[in-house]
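Chemist: Residue numbers (my numbering): 3 to 366.
All residues carry an ideal CB built from backbone N, CA and C; glycine is no exception.
Values in this document were obtained by computation on a predicted structure and should not be read as measured data.
What follows is a single structure, and I will ask about it in a moment.
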């Protein structure tokens, strides 16, 4: 028996067979891929080389741009214009100004004349060294310790130390603060002042109606005036005055004798003088010894009743005797060169208890 089929049925049957084969091939490929047995060649079987390159390029493009994608989804670019950093709002409320360093300015005298300094005295500045004493400066520059104390407003000369800068005026005198009721005329009379010197060293005294006039709290320089003795004593402790005026020939301490070349200790100071110059008591006290010694020649010893004693040697004349009481500054003898003294001078020693001390630490 011969069976015939029309053309349409045959074509449908063939199409079903082709689809079945493709499905089977895909399933087999998937099976190999899941078991790890597929190869790159088998995976892309049936795909053209052009399509393979295109797919790889597309994948690489999206991989590179992948990091940008999250920001595109989570950040709105329109808000960047209003973005502010932490603390920026707070800083915007702070006023910032530019500062510049200014040089120190010396203010002129206050318009209130009561605070004016009226004096202008030529002076030198001196920086103290370790070996300096006010007494040595007094001798060297021919100004009194009273002047040094007053001009530098020292409360206690024991507080002056190495490195301190002192002002030494060219003339003796004191600084004076005008008190209520003072007038220029009353000050001239009280301190026996030379009017021309007073005006010379106080050029800023104001002139009113043709008269020089001072006000309370103004500061004057009183030339050739000394501090009150009690005030000096309070600032110096025990006050000893130089027994004579003259250059220091030999200081206190170790020295080598110029004649014998033997090193010895000098227990006082030698002050150059002329035979017959008056020798004054450095401090008030009682004469406990007066006589002659081969080394000291004519000498005097005073007990000052405060633990201190003073010795005056090489005198040409002794003007006191034992047990006499003398005042500070009172004449007790005259300069000479008796004893071991190659030239006219005064040897002066100061003893605390039984130990000699440097007189330059105590002399005014």
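Indicate the three-state DSSP secondary structure (helix, strand or coil) for residue 306 in the structure shown.
Modeler: Coil, per DSSP.
Chemist: Comparing the C-beta of residue 123 with each C-beta of chain D, is any distance below 8 Å?
Modeler: The structure shown contains no chain D; it is built from a single protein chain.
Chemist: Taking the runs of the alpha helix (DSSP H) that are 4 residues or longer, which of them lie wholly in the region 135-177?
Modeler: Fully enclosed alpha helix (DSSP H) runs of 4 or longer: 136-143, 147-153.
Chemist: Between the alpha carbons of residue 352 and residue 191, how many angstroms are there, rounded?
Modeler: Whole-angstrom Cα-Cα distance: 39 Å.
Chemist: Among the candidates 363, 281, 124, whose CA atom is the shortest distance from the CA of residue 253?
Modeler: The shortest C-alpha separation from residue 253 is found at 363.
Chemist: Hey, could you find the ends of the alpha helix (DSSP H) residue 200 is sitting in?
Modeler: It spans 197-203 - the alpha helix (DSSP H) in which residue 200 sits, taken as one unbroken run.
Chemist: Specify whether the region 201-215 and the region 149-162 touch according to this definition: at least 3 beta carbon pairs, one from each stretch, less than 8 Å apart.
Modeler: With a cut-off of 8 Å, the region 149-162 and the region 201-215 do not count as touching, because too few Cβ pairs lie within range.
Chemist: Assuming residue 339 is part of the beta strand (DSSP E), what are its boundary residues?
Modeler: Counting along the chain, residue 339 falls outside any beta strand (DSSP E), and DSSP gives it neither H nor E.
Chemist: Could you say if the region 289-298 and the region 324-334 meet the contact criterion of at least three C-beta pairs nearer than 8 Å?
Modeler: Segments in contact, yes.
Chemist: Can you tell which of 320, 315, 268 has the C-alpha that lies nearest to the C-alpha of residue 2?
Modeler: The requested residue 2 is not part of the displayed model; the chain covers only 3 to 366.
Chemist: Which of the three DSSP states is assigned to residue 272 in this structure?
Modeler: Residue 272 falls in the strand class under three-state DSSP.
Chemist: State the start and end residues of the unbroken alpha helix (DSSP H) segment that holds residue 189.
Modeler: Here the alpha helix (DSSP H) through residue 189 covers 186-192.
Chemist: Alpha carbon to alpha carbon, how far is residue 2 from residue 235?
Modeler: The displayed coordinates of the chain run from 3 to 366. Any statement about residue 2 would go beyond what the structure contains.
Chemist: When the Cα atoms are used, what is the spatial distance from residue 274 to residue 137?
Modeler: Roughly 16 Å between the two C-alpha positions.
Chemist: Tell me which residues share the same chain as residue 310 and place their Cβ nearer than 6 Å to its Cβ, disregarding the 5 neighbours each side in the sequence.
Modeler: So the qualifying residues of the chain are 354.
Chemist: State the start and end residues of the unbroken alpha helix (DSSP H) segment that holds residue 235.
Modeler: Residues 231-238.
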